[in-house]
Amino acid sequence: MILPGLVSKSLLNRSDTALLTIFTIGLSVALLLGVEKIRQDTRYSFTNTVSGTDLIVGARSGNLPLLLYSVFHIGNASNNISWESYQRIRKNKNIAWSIPISLGDSHRGHRVMGTNEDYFRFYRHGKNQPLNFSYGKPFNDLFDVVIGADVAQKHRYTIGKKLILSHGVGKASLSNHKDKPFVVVGILKRTGTPVDRTVHVSLQAIEALHLDWQKGYKNPIHSISAEQTLKLELEPKTITAFMVGLNSRLDVFNLQRSINLYNKEPLLAILPGATLQELWGLFSVAESALLIIAAFVVLSGLLGMLAAILSGLNERRRELAILRSVGARPRHILIMLCAESGLLTAVGIMSGIAFYYLAVIITTPFLESHFGLTLTLTGLHLNNVYMLLITQFSGIAIGLIPGIKAYRMTLNNGITIRL
Amino acid sequence: MSEIITIQNLRFRWPSSTTDTLSINSLSIKAGEKVFIHGPSGTGKTTLLNLLSGVVEANSGLVSILGQEIKRLTPPARDHFRAQHIGYIFQAFNLIPYLTMTQNIALACHFSKAKRQRALTRSKSIELEILRLLNHLELDDKLLLNKPVSTLSIGQQQRVAAARALIGQPELIIADEPTSALDNERRQRFLELLFQEAESCGSTVVFVSHDTTLEKLFDRNVKLSELNQAQKVTQ
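Chain order of the listed sequences is A and B.
When we follow our numbering, the leftmost residue of the first sequence carries the number 4, and every step to the right adds one.
When we follow our numbering, the leftmost residue of the second sequence carries the number 102, and every step to the right adds one.
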């Protein structure tokens, strides 16, 4: 059949409009895919971070804030919990393991997390994967640090590098713990979770840093040197939160209840999975809004195509009349115009997919360093394929409008057209 | 000789109109005839061409082409019929700008199997038949073949259009003022070449124009203003 050739040659003849139309559709499709991608990867990276943890316990605040600051290092703890309470609760016979977390300091914009060796033994991410070391080993001495893959990569830190930690979080922290330099003893393998961007030290180190600090500022009179600190028996007084793994998940609600009713101190225990669901609920409004906007951008791309085809139709009356005179039927004309919009949409979608992958590759480092969101290069999700199919069919369907117009034009004008 | 076109008691009125546009009691054109229909604007020329090509249908009366009553055909069958048996030449801007000369001419064979087969009885391939026709129409410059048709002169374009109408030897060639954009000398030459080729394949030529200077070249002249009864009533 000659129609495909006619359609593509006709489009090439109007290549500037055609290219612009393809570009518009391409961009809108890339946006649609991008919104979906961010939606999926946010969920994925959040869910990945808390695999295997049954409960997270912290000072009483809200479920979401506790989850966000303890695991994802978003925001700050409103209060700490006492070391005593932690010791008491961890002795519960249902608890298989626990990981204490102490937050509040930073290093060049990276959170410093105080914890103990249990972290390296029990913490799980992704599909129940343990933490692995690219280089070195867990911290052993007071001033040892273990850094995440991103920290090492970004600052080109290697084993043996000396670090200064800062008090408080934020990139421009003014008060540094200059008197107590730390040394890198381990670099973790990449996990795709906030662990990659974290500097890990022992709980004792956190305590040591703040020995001569009182109420948020350094007391110059009672300055204690690093050498002196090493000789001290350091026991943490408070921690920020702790993660809990149970022997049997069946006990999770009992334990949660008993922690929430703990009478020595107001505590809060949350189930990470359930709390993530709350987070998705919160997200879903924004996500749907984004998705709707993206869908409308696609629609406006298609409408732009419609406008381009319709405005060109008048100039093509002669072309259509010639086709008609050599025996093309009105339905050929209809098919031609639908094929035209279908082809434009198809090429638009393909360039959209290309734009999208290009954008993912280009923006991944930026998103990782600024938002901690790791985009993965994956094939298109089934969801995306459906969206693209809907776009493709809409593109063809939109071709019906100029198609029917041309169809009627050819019927009404017959084959004698005056210019 | 058999009749190519037979019109009897034809009445035609556009749906939006209250009076007849065309009312022809009788018109018949024989095979091989070259007929000049003089039709100044407003005499129903456009309507007549649409009726002859089967794009519109008469309200009453008989329109028969090649013995086939147009009314009895379904619209798709009429399109098919036109593709098989009629070659059409327009006033101007006859060519599809994004196709080459060869592709423009070959178009007629793409929509009609019969034209294709008849073209192949004359030459070994469609391409050769196109070259043969162009040669006969004095347009044998090989350099032009694959150039954009927009670079051709109007005279050359009209000859390409004629080749498209002639290819596959349709029984009827309808020309709608194809010479109006040409000067006098070229007009005559164009017609001579068209007639030559039409005669060689036995086609009937119906040539519609408002310009009477050409009528002496034809076998027969018909004045649409006299033929069309509807016009007289309104005048």
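Idealized CB from N, CA, C, for every residue including glycine.
N-terminal and C-terminal residue of the beta strand (DSSP E) that residue i is part of
| i | result |
| --- | --- |
| residue 130 of chain A | No beta strand (DSSP E) contains residue 130 of chain A, which DSSP labels as neither H nor E. |
| residue 100 of chain A | 98-110 |
| residue 126 of chain B | 123-131 |
| residue 119 of chain A | From DSSP, residue 119 of chain A is part of no beta strand (DSSP E); its letter is neither H nor E. |
| residue 112 of chain B | 104-113 |
| residue 72 of chain A | Per DSSP, residue 72 of chain A belongs to no beta strand (DSSP E); it is in the alpha helix (DSSP H), 66-73. |
| residue 139 of chain B | 135-139 |
| residue 185 of chain A | 185-191 |
| residue 138 of chain A | 136-139 |
| residue 60 of chain A | 58-62 |
| residue 201 of chain A | 201-205 |
Assigned exposure category for residue i - 16 Cβ within 10 Å defines buried
| i | result |
| --- | --- |
| residue 396 of chain A | exposed |
| residue 384 of chain A | exposed |
| residue 135 of chain A | exposed |
| residue 39 of chain A | buried |
| residue 173 of chain B | exposed |
| residue 327 of chain A | buried |
| residue 332 of chain A | buried |
| residue 422 of chain A | Bear in mind that a pLDDT of 40 at residue 422 of chain A, under 50, signals an unreliable position, so the number given afterwards is only what the model happens to contain. Result: exposed. |
| residue 141 of chain B | exposed |
| residue 120 of chain A | exposed |
| residue 78 of chain A | exposed |
| residue 23 of chain A | exposed |
| residue 238 of chain A | exposed |
| residue 25 of chain A | buried |
| residue 263 of chain B | buried |
| residue 118 of chain B | exposed |
| residue 389 of chain A | exposed |
| residue 363 of chain A | buried |
| residue 117 of chain A | buried |
| residue 120 of chain B | exposed |
| residue 252 of chain B | exposed |
| residue 410 of chain A | buried |
| residue 336 of chain B | Model confidence at residue 336 of chain B stands at a pLDDT of 45, short of 50, so the residue's coordinates are unreliable and nothing is read from them. |
| residue 427 of chain A | Here chain A covers residues 4 to 422 and nothing more, so residue 427 of chain A does not appear. |
Interface residues of chain B facing residue i [CB-CB closer than 7 Å]
| i | result |
| --- | --- |
| residue 5 of chain A | 211 |
The alpha helix (DSSP H) enclosing residue i, as first and last residue numbers
| i | result |
| --- | --- |
| residue 366 of chain B | Given that chain B is displayed from residue 102 to residue 336, the structure contains no residue 366 of chain B and the question cannot be resolved. |
| residue 227 of chain B | 227-237 |
| residue 49 of chain A | 18-52 |
| residue 78 of chain A | Note, residue 78 of chain A: premise wrong, no alpha helix (DSSP H); not H, not E. |
| residue 149 of chain B | 146-153 |
| residue 154 of chain A | 152-158 |
| residue 249 of chain A | Counting along the chain, residue 249 of chain A falls outside any alpha helix (DSSP H), though it belongs to the beta strand (DSSP E) covering 244-249. |
| residue 164 of chain B | It is not in any alpha helix (DSSP H) - residue 164 of chain B instead sits in the beta strand (DSSP E) that spans 161-166. |
| residue 213 of chain A | Element bounds for residue 213 of chain A: n/a, residue is neither H nor E. |
| residue 146 of chain A | Note, residue 146 of chain A: premise wrong, no alpha helix (DSSP H); not H, not E. |
| residue 93 of chain A | 86-93 |
| residue 206 of chain B | 202-211 |
| residue 256 of chain B | 255-267 |
Within chain A, the residues that residue i reaches when beta carbons sit closer than 7 Å
| i | result |
| --- | --- |
| residue 180 of chain B | 330, 332 |
| residue 238 of chain B | What residue 238 of chain B touches in chain A: nothing, since even the nearest Cβ is about 18 Å away. |
| residue 160 of chain B | None at all; the shortest Cβ gap to chain A is about 15 Å. |
| residue 271 of chain B | Going along chain A, no residue has its Cβ under 7 Å from residue 271 of chain B, so there is no contact; the nearest lies around 10 Å. |
| residue 184 of chain B | 329, 330 |
| residue 328 of chain B | Within 7 Å Cβ-Cβ: nothing; residue 328 of chain B doesn't reach chain A, min ~18 Å. |
| residue 177 of chain B | 332 |
| residue 208 of chain B | 329 |
Amino acids of chain A, ordered along the chain, whose beta-carbon sits closer than 8 Å to that of residue i
| i | result |
| --- | --- |
| residue 195 of chain B | 325 |
Proximal residues of chain E, C-beta to C-beta of residue i below 8 Å
| i | result |
| --- | --- |
| residue 198 of chain B | No chain E is present in this structure, whose protein chains are A and B. |
_Any C-beta of chain B within less than 9 Å: which residues of the segment 321-335 of chain A qualify?_
321, 322, 324, 325, 326, 327, 328, 329, 330, 331, 332, 333, 334, 335
_Contact set between the segment 11-27 of chain A and chain B, restricted to residues whose Cβ is under 8 Å from the partner_ = 12, 13, 15, 16
_Runs of 4 residues minimum, wholly inside the segment 321-404 of chain A: which ones carry the alpha helix (DSSP H) assignment?_
333-374
*Which ranges would you report for the alpha helix (DSSP H) in the segment 277-332 of chain B if only whole runs of at least 4 residues count?*
285-302, 325-328
*Could you name each continuous beta strand (DSSP E) segment of 3 residues or more that falls completely within the segment 270-315 of chain A, going from the start of the chain to the end?*
270-273
_At a CB distance below 8 Å, what residues from the segment 260-287 of chain B approach chain A? Give them in sequence order._
265, 277
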